[in-house]
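Each step along the sequence shown adds one to the number in full-length UniProt numbering, with nothing skipped, and position 36 is 36. Ideal Cβ positions, reconstructed from N, Cα and C, are used throughout, including at glycine. Only one structure is covered here, and it is reproduced in the block below.
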Amino acid sequence: MPVTAFSPEHADPPHSGGPSPEPEQQTAVDKALILLKSLAEHDRDVGVSELARRARLTKSTAFRLLGILQRNELVERVGSNYRLGTQLVDIGSRVYGPTPPLLQERLLPHLADLYELTHETVHLAVLHGTEIVYVNKIHGHRAARSPSRIGARLPAYCTGVGKALLAFDHDAAEGAIEAGLPARTEYTLADPDRFRAELRRIRQEGIAYDRQEAAIGLTCVAVPVMGPLGRPVAALSVAGADHRFDTSRYAGALRRVAHEAARAVTAAKARGAVPSGGGGLPRA
Numbered sequence: 001m002p003v004t005a006f007s008p009e010h011a012d013p014p015h016s017g018g019p020s021p022e023p024e025q026q027t028a029v030d031k032a033l034i035l036l037k038s039l040a041e042h043d044r045d046v047g048v049s050e051l052a053r054r055a056r057l058t059k060s061t062a063f064r065l066l067g068i069l070q071r072n073e074l075v076e077r078v079g080s081n082y083r084l085g086t087q088l089v090d091i092g093s094r095v096y097g098p099t100p101p102l103l104q105e106r107l108l109p110h111l112a113d114l115y116e117l118t119h120e121t122v123h124l125a126v127l128h129g130t131e132i133v134y135v136n137k138i139h140g141h142r143a144a145r146s147p148s149r150i151g152a153r154l155p156a157y158c159t160g161v162g163k164a165l166l167a168f169d170h171d172a173a174e175g176a177i178e179a180g181l182p183a184r185t186e187y188t189l190a191d192p193d194r195f196r197a198e199l200r201r202i203r204q205e206g207i208a209y210d211r212q213e214a215a216i217g218l219t220c221v222a223v224p225v226m227g228p229l230g231r232p233v234a235a236l237s238v239a240g241a242d243h244r245f246d247t248s249r250y251a252g253a254l255r256r257v258a259h260e261a262a263r264a265v266t267a268a269k270a271r272g273a274v275p276s277g278g279g280g281l282p283r284a
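Laid out in structure tokens, this is it:
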């Protein structure tokens with residue numbers, strides 16, 4: 001089957017939380033949640049007609065529910081379009097308890113440093129089970145199309161940040177392998193032996209790559225941010241369009257920034273500002 005580039009505009013409506021009820025069984029809450037999920041799939045503001053189509057609702061129903069969500073600050077209206085609201089962002093930041101905001105606070109300045117050094121799209125991510133969660137993202141005018149969004153999850157095995165973290169977490173890596181390594185593109189490392197060999201290389205060299213493995217046309221280079229217990233608490237990456245992106249150009253900047261970030265996490269732990277687990281998300 002041919003593999004195409006990631007395109008949120010043509011993706012099916014998301015059902016990551018399990019199968020949605022049949023249309024005739026949907027409550028108003030179901031429909032509102034489907035609208036929120038549809039909005040989350042876009043990196044742009046979306047009109048009510050498109051949202052209604054993606055959520056398989058009538059335009060009048062979508063408009064009425066969006067009004068309710070807007071009153072509760074879960075969505076914002078921008079002209080005739082909609083986007084996720086600030087209240088939803090605040091709720092999302094509390095999903096895994098107090099640790100992620102602390103980690104983000106400590107590492108955000110280093111992510112900003114990385115962007116200033118590269119002027120490419122940069123990510124901060126943490127491991128949750130066999131998935132990665134994007135804690136933060138900064139991009140400039142040359143941002144490549146990417147499935148990464150703040151708060152979004154992706155399988156760890158096919159991303160640079162994910163492999164940088166799995167390389168130092170044997171249980172999570174084996175869990176990912178046991179769950180299967182479905183090829184998201186023709187370049188995904190779907191063979192368990194090759195994948196384990198790649199993780200060994202990452203442990204030795206301290207740097208990971210995503211060579212169009214999560215999405216066609218997207219390449220990135222990533223490094224772990226090591227915590228005081230000798231295990232990574234997060235990962236940083238630089239990403240760009242494959243046709244112009246030279247991963248070797250950014251390896252040095254990534255290593256330097258990750259080293260400074262690790263020092264900041266260790267110092268914060270010594271002051272009691274970061275929980276003893278290092279600041280990452282709890283295991284799934």
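- Straight-line measurement puts the Cα of residue 60 at about 42 Å from the Cα of residue 111.
- Rounded to whole angstroms, the Cβ separation of residue 195 and residue 177 is 6 Å, and the two are in contact under 8 Å.
- Distance from the CA of residue 47 to the CA of residue 75, rounded to the nearest whole angstrom, comes to 12 Å.
- Residue 134 and residue 63 have their C-alpha atoms some 30 Å from each other.
- Three or more beta-carbon pairs drawn from the segment 219-226 and the segment 236-256 are found closer than 8 Å, and the two stretches are therefore classed as touching.
- DSSP places residue 148 in no alpha helix (DSSP H); its state is neither H nor E.
- If you check the CB distance, residue 167 and residue 142 do not come in under 9 Å.
- Beta-carbon to beta-carbon, residue 114 and residue 253 are separated by about 6 Å, close enough to satisfy the 8 Å threshold.
- If you check the CB distance, residue 39 and residue 51 come in under 9 Å.
- Around residue 119, the same chain offers 140 as residues with beta carbons nearer than 6 Å, after the five sequence neighbours per side are excluded.
- For residue 193, the enclosing alpha helix (DSSP H) begins and ends at 192-205.
- The shortest CA-to-CA distance from residue 251 to any of 29, 220 and 148 is the one to 220.
- Residue ranges of uninterrupted beta strand (DSSP E) with 3 or more members, entirely inside the segment 119-186 and ordered along the chain, are 121-128, 131-138 and 153-155.
- Nearest neighbour of residue 256 by Cα position, chosen from 49, 116 and 29, turns out to be 116.
- Assignment of residue 35 by DSSP, reduced to helix, strand and coil, places it in the helix class.
- Taking each of 130, 146, 33 and 265 in turn and checking the Cα distance to residue 69, the smallest one comes out for 33.
- In the structure shown, residue 210 adopts extended strand secondary structure according to DSSP, grouped into three states.
- Cβ contact annotation for residue 179 (same chain, cutoff 8 Å, sequence separation greater than five): 130, in chain order.
- For residue 53, the enclosing alpha helix (DSSP H) stretches over residues 48-55.
- In the displayed model, residue 250 falls within coil according to three-state DSSP, outside both helix and strand.
- Going by DSSP, residue 60 is part of the alpha helix (DSSP H) stretching over 59-71.
- The straight-line gap separating the alpha-carbon atoms of residue 264 and residue 26 is approximately 48 Å.
- Taking the Cα positions, residue 231 is about 10 Å away from residue 262.
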